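Chains as they are written, first to last, in my numbering: chain A, 3 to 410; chain B, 3 to 410.
There are 2 protein chains.
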Amino acid sequence: MIGNVMVGQSGGPTSVINSSLAGVFKTAKDRGANKVYGMLNGIKGLLDRQYIDMSDYIKSTLDIELLKRTPSSFLGSCRYKLPEIADNREVYEQIFAILEELEIDAFFYIGGNDSMDTIKKLSDFAILTSSPIKFMGVPKTIDNDLNLTDHTPGYGSAAKYIASSTKEIIRDGLVYDTPCVTIIEIMGRNAGWLTAASALAKGDDCEGVDLIYLPEIAFDVDKFMDKIRELLSKKRSVVVAVSEGIKVADGRYVFELADHIEFVDAFGHKQLQGAAKFLANKISATIGCKTRAIEFSTMQRCSGHLTSRTDITEAYQVGGAAVKAASEGETGMVIVLERISDDPYICITGCKDVHKIANIEKKVPLDWIINDGTYVSQDFINYATPLIQAELTPIMVNGLPKHIKLDR
Amino acid sequence: MIGNVMVGQSGGPTSVINSSLAGVFKTAKDRGANKVYGMLNGIKGLLDRQYIDMSDYIKSTLDIELLKRTPSSFLGSCRYKLPEIADNREVYEQIFAILEELEIDAFFYIGGNDSMDTIKKLSDFAILTSSPIKFMGVPKTIDNDLNLTDHTPGYGSAAKYIASSTKEIIRDGLVYDTPCVTIIEIMGRNAGWLTAASALAKGDDCEGVDLIYLPEIAFDVDKFMDKIRELLSKKRSVVVAVSEGIKVADGRYVFELADHIEFVDAFGHKQLQGAAKFLANKISATIGCKTRAIEFSTMQRCSGHLTSRTDITEAYQVGGAAVKAASEGETGMVIVLERISDDPYICITGCKDVHKIANIEKKVPLDWIINDGTYVSQDFINYATPLIQAELTPIMVNGLPKHIKLDR
Chain A
3 MIGNVMVGQS
13 GGPTSVINSS
23 LAGVFKTAKD
33 RGANKVYGML
43 NGIKGLLDRQ
53 YIDMSDYIKS
63 TLDIELLKRT
73 PSSFLGSCRY
83 KLPEIADNRE
93 VYEQIFAILE
103 ELEIDAFFYI
113 GGNDSMDTIK
123 KLSDFAILTS
133 SPIKFMGVPK
143 TIDNDLNLTD
153 HTPGYGSAAK
163 YIASSTKEII
173 RDGLVYDTPC
183 VTIIEIMGRN
193 AGWLTAASAL
203 AKGDDCEGVD
213 LIYLPEIAFD
223 VDKFMDKIRE
233 LLSKKRSVVV
243 AVSEGIKVAD
253 GRYVFELADH
263 IEFVDAFGHK
273 QLQGAAKFLA
283 NKISATIGCK
293 TRAIEFSTMQ
303 RCSGHLTSRT
313 DITEAYQVGG
323 AAVKAASEGE
333 TGMVIVLERI
343 SDDPYICITG
353 CKDVHKIANI
363 EKKVPLDWII
373 NDGTYVSQDF
383 INYATPLIQA
393 ELTPIMVNGL
403 PKHIKLDR
Chain B
3 MIGNVMVGQS
13 GGPTSVINSS
23 LAGVFKTAKD
33 RGANKVYGML
43 NGIKGLLDRQ
53 YIDMSDYIKS
63 TLDIELLKRT
73 PSSFLGSCRY
83 KLPEIADNRE
93 VYEQIFAILE
103 ELEIDAFFYI
113 GGNDSMDTIK
123 KLSDFAILTS
133 SPIKFMGVPK
143 TIDNDLNLTD
153 HTPGYGSAAK
163 YIASSTKEII
173 RDGLVYDTPC
183 VTIIEIMGRN
193 AGWLTAASAL
203 AKGDDCEGVD
213 LIYLPEIAFD
223 VDKFMDKIRE
233 LLSKKRSVVV
243 AVSEGIKVAD
253 GRYVFELADH
263 IEFVDAFGHK
273 QLQGAAKFLA
283 NKISATIGCK
293 TRAIEFSTMQ
303 RCSGHLTSRT
313 DITEAYQVGG
323 AAVKAASEGE
333 TGMVIVLERI
343 SDDPYICITG
353 CKDVHKIANI
363 EKKVPLDWII
373 NDGTYVSQDF
383 INYATPLIQA
393 ELTPIMVNGL
403 PKHIKLDR
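Given below as structure tokens:
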């Protein structure tokens with residue numbers, strides 16, 4: 003049994019973050035929750051007493067299916083870091099007063115690293131004040147950079163979008179008989195998991211990308227240019243995947259290198275161009291061939307029209323597992339995914355102390371990055387392939403994916 | 003009955019250009035063609051005697067299904083304009099010698115405006131030289147800018163990708179409670195059909211984009227900035243769709259305006275940024291709010307994972323209709339689509355003189371552009387909605403869409 007529940011979403015949205023919300027809602031209701039409240043715009047909204055009764059919006063099993071298939075955060079999001087408890091107890095007292103007033107038994111926060119920091123601090127405060135409210139983290143991030151979990155919900159669908167679109171772009175690049183270099187820029191400031199997923203495009207019907215650059219390894223512009231020249235001497239369409247976060251040895255981002263070439267507007271503001279654009283411009287200027295710079299941009303995190311069924315199912319499962327754990331008395335924990343085997347792929351949920359997860363970034367293991375920092379190993383392929391398997395067909399209405407919308 | 007056939011693809015690829023190739027191949031075989039040759043990289047490849055026997059690659063009905071679902075041009079493409087006949091008869095004699103040697107009865111070229119120019123010139127030369135070879139154009143272009151056809155195969159799938167992704171981006175933009183302006187840049191240098199498709203995102207589950215700017219109407223930067231300020235006073239997430247080809251009154255492209263703000267690299271090369279990036283930077287610099295510039299880039303023409311079944315079926319039909327017409331003696335013609343009704347949507351194929359189609363650009367009617375050039379009318383919605391209906395599910399293998407590949 004579980005009492006009233008408060009659930010929120012935080013950080014950057016994903017295609018499957020609402021599947022976790024559906025998992026929390028459904029399991030809480032199944033386990034006897036009277037009220038399931040959803041805070042609007044995360045903890046920041048809760049502080050302003052902005053919340054809804056989820057049952058006013060999710061009224062049927064079809065609504066649950068729509069919620070699972072709706073990308074972005076149904077409840078809205080925030081980027082708000084709670085202060086240290088020692089620095090500002092008032093914020094905590096304010097939050098707990100609201101939770102007590104609503105007779106909340108358990109609090110769930112769906113998010114990444116920063117959101118797990120929120121769970122850590124709230125559960126610490128509960129211990130300090132002997133509050134019986136339970137606080138559980140539900141993992142979510144396309145970046146796949148959470149510690150102690152095999153992977154994070156959201157990653158598989160983003161990886162599937164990246165691999166599919168990369169495959170289609172490689173195919174598109176082959177049509178002309180003139181040389182062309184395509185640079186694809188993929189999200190991930192510090193961890194290369196998403197960019198590595200471009201490797202999944204390779205198969206018996208696709209030659210794959212030629213080079214992959216992750217932020218885990220220092221980027222060398224001269225070596226890169228040499229590689230491009232070498233590839234162009236052998237083939238006419240070269241496709242490269244780079245992380246937005248690649249840095250040169252002195253620590254500057256590649257996209258910052260443009261600073262040194264008067265890349266300012268009339269107001270003296272630095273014009274941010276991406277790493278891909280910078281490299282494509284450099285190739286045009288020095289080698290002179292045609293280039294294309296492509297950014298997957300927001301689409302890689304919100305393309306609900308192409309999700310991994312494995313991912314969306316696991317996102318639902320971690321939401322449900324968090325409610326189950328809380329109803330069994332757990333608090334200050336995060337639900338994680340534990341892989342039993344790659345092939346056949348078997349994965350179960352586990353429960354880990356939030357203190358071991360919050361504020362820690364998990365990067366791609368260095369021994370999975372091969373060919374002098376220009377590709378990823380078979381170990382990565384074995385790891386990532388199961389995560390993009392199968393699809394959850396959108397409910398198409400009038401030619402477009404149908405979403406469920408929070409009208410305020 | 004039809005004799006040997008030569009088919010080629012030209013211009014920018016689309017998600018469904020191979021469905022037209024499948025239509026030509028299947029109908030030619032059904033009508034008794036002994037050989038169906040595919041020229042590699044269009045007419046340019048044919049001049050170098052680069053062609054294949056299609057039957058060596060398309061061996062089963064499953065291969066035909068895979069071909070229909072494979073984006074980009076299976077046979078490769080070119081951007082090659084034939085000289086005027088009076089200027090250079092030799093090129094024509096060379097082409098006809100190859101066609102005669104292969105005993106070609108009918109020649110099919112799948113492409114846009116420029117490709118129809120090729121058909122026009124080749125059929126003119128056939129008349130001049132009393133050649134019995136028939137030349138037929140099969141329309142293809144995501145730009146939808148061909149004359150005398152209700153729409154072009156390729157447009158519906160691109161429009162569906164644009165509408166779906168725009169809907170997902172709008173949803174993504176709503177999560178934070180801080181103001182943000184998102185500018186989406188969509189293909190179409192001179193015609194706004196693709197950008198207009200962003201209007202299809204609007205529905206009972208999506209508020210739609212706030213402003214749409216097409217290249218048909220001169221763009222006024224100051225008025226645009228006023229509109230953005232006005233919208234930001236009313237709502238926190240503003241989403242705008244702009245064509246890559248929007249121009250200011252003096253004829254300069256918006257993306258060229260950056261010239262005037264020292265937008266050059268160390269080599270003095272002009273750094274091309276897109277219209278969206280320029281406008282987003284301007285909003286950041288003058289209004290100061292968060293902005294996002296998103297380009298659908300190559301994905302809008304190659305995302306075979308999300309196609310319109312209406313579009314892919316019509317692409318197949320125009321290929322077949324071209325073969326049927328040629329086998330009945332037509333030449334110097336282009337297959338067109340003729341709409342019988344919007345709702346229920348009924349559309350048939352027709353046949354038009356290539357001289358009335360080649361080198362003419364069809365733009366969005368000015369009376370379909372409303373709100374002082376910032377939106378499109380219900381007439382456009384009624385026109386475009388049927389074209390994005392229904393899906394053709396990709397054949398998914400190992401988590402990704404399966405393609406058929408031409409190994410050379």
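Where a beta carbon is used, it is the ideal one built from N, C-alpha and C, also for glycine. These numbers come from a predicted model, not from an experiment.
Next item on the list: Leaving aside the five residues before and after residue 229 of chain A along the sequence, list all residues of the same chain whose C-beta is less than 7 angstroms from its C-beta, in chain order.
Entry: 213, 376
Check: Under 8 angstroms between C-beta atoms, does residue 182 of chain B make it to chain A?
Finding: no
Checklist line | Interface partners of residue 96 of chain A on chain B, CB under 8 angstroms | finding: Per Cβ cutoff of 8 angstroms: no residues; residue 96 of chain A is ~18 angstroms from chain B at best.
Next item on the list: Using three-state DSSP, classify residue 64 of chain B as helix, strand or coil.
Entry: helix
Next item on the list: Report the three-state DSSP secondary structure of residue 56 of chain B (helix, strand or coil).
Entry: helix
Margin query: My output table needs one value for residue 148 of chain B: the three-state DSSP class, helix, strand or coil.
Written below: strand
Check: Going straight from the alpha carbon of residue 200 of chain B to that of residue 380 of chain B, what length do you get?
Finding: 13 angstroms
Notebook entry, point to check: Shortest alpha-carbon distance to residue 64 of chain A belongs to which of A:402, A:11, A:397, A:408?
Noted result: A:397
Margin query: Closer than 8 angstroms is the cut-off here; do at least three beta carbon pairs connect the region 111 to 129 of chain A with the region 360 to 373 of chain A?
Written below: yes
Notebook entry, point to check: First and last residue of the alpha helix (DSSP H) that includes residue 94 of chain A?
Noted result: 91 to 103
Notebook entry, point to check: Hey, is residue 178 of chain B's beta-carbon within less than 8 angstroms of any beta-carbon in chain A?
Noted result: yes
Check: At a Cβ cut of 7 angstroms, what residues of the region 235 to 249 of chain B count as close to chain A, listed as they run along the chain?
Finding: none
Note to self: For a cutoff of 8 angstroms on Cβ pairs, would you count residue 41 of chain A as touching chain B?
What the structure shows: no
Item checked: Close-in-space but distant-in-sequence residues of the same chain around residue 222 of chain A (CB under 8 angstroms, 5 per side omitted) -> 250, 251
Notebook entry, point to check: Which residues bound the beta strand (DSSP E) around residue 404 of chain B?
Noted result: First-last for residue 404 of chain B: undefined, no H or E at that position.
Notebook entry, point to check: Checking contacts by CB at 8 angstroms: is residue 153 of chain A closer than that to chain B?
Noted result: no
Check: Going along the chain, which residues of its own chain have a beta-carbon closer than 7 angstroms to the beta-carbon of residue 34 of chain A, five neighbours each way excluded?
Finding: 3, 4
Next item on the list: Note down, in chain order, every chain A residue with its Cβ under 8 angstroms from the Cβ of residue 294 of chain B.
Entry: 299, 300
Margin query: Does chain A have any CB closer than 8 angstroms to the CB of residue 406 of chain B?
Written below: yes
Notebook entry, point to check: Buried or exposed: where does residue 290 of chain A fall if 16 or more other Cβ atoms within 10 Å of its Cβ makes it buried?
Noted result: exposed
Note to self: Considering just the uninterrupted stretch of the beta strand (DSSP E) at residue 352 of chain A, what are its terminal residues?
What the structure shows: 347 to 355
Notebook entry, point to check: Taking 8 angstroms as the CB-CB limit, is residue 173 of chain B close to chain A?
Noted result: yes
Next item on the list: Determine the burial state of residue 400 of chain B: buried for a count of at least 16 other Cβ atoms within 10 Å of its Cβ, exposed for fewer.
Entry: exposed
Next item on the list: Could you tell me whether any Cβ in chain B is nearer than 8 angstroms to the Cβ of residue 400 of chain A?
Entry: yes
Next item on the list: Since I believe residue 243 of chain A is in contact with residue 365 of chain A (beta carbons under 8 angstroms), could you give me their beta-carbon distance rounded to a whole number of angstroms?
Entry: The Cβ separation is near 17 angstroms, so there is no contact.
Check: When the distance is taken between beta carbons, is residue 30 of chain A closer than 8 angstroms to residue 336 of chain A?
Finding: no
Item checked: Below-8 angstroms beta-carbon distance, residue 348 of chain A vs any chain B residue -> no
Notebook entry, point to check: Would you call residue 303 of chain A buried or exposed, if buried means 16 or more other Cβ atoms sit within 10 Å of its Cβ?
Noted result: buried
Next item on the list: List the residues of chain A that residue 222 of chain B touches, going by C-beta distances under 9 angstroms, in chain order.
Entry: Within chain A, no residue comes near residue 222 of chain B; the closest Cβ sits about 18 angstroms away, beyond 9 angstroms.
Checklist line | Whole-angstrom distance between residue 113 of chain B and residue 284 of chain B, CA atom to CA atom | finding: 38 angstroms
Check: Closer than 9 angstroms, Cβ to any Cβ of chain A: which residues of the region 372 to 403 of chain B, in chain order?
Finding: 387, 388, 389, 390, 391, 392, 393, 395, 396, 398, 399, 400, 401, 402, 403
Next item on the list: Tell me, please, whether the CB atom of residue 165 of chain B is closer than 8 angstroms to any CB atom in chain A?
Entry: yes
Note to self: Quick check: what's the CA-CA separation for residue 299 of chain B versus residue 248 of chain B?
What the structure shows: 16 angstroms
Notebook entry, point to check: What residues in the region 6 to 22 of chain B have a beta carbon less than 7 angstroms from any beta carbon of chain A?
Noted result: 15
Item checked: Selection from A:172, A:110, A:147, A:234 that minimises the alpha carbon distance to residue 367 of chain A -> A:147
Check: Taking Cβ positions only, does residue 316 of chain A come closer than 8 angstroms to chain B?
Finding: no
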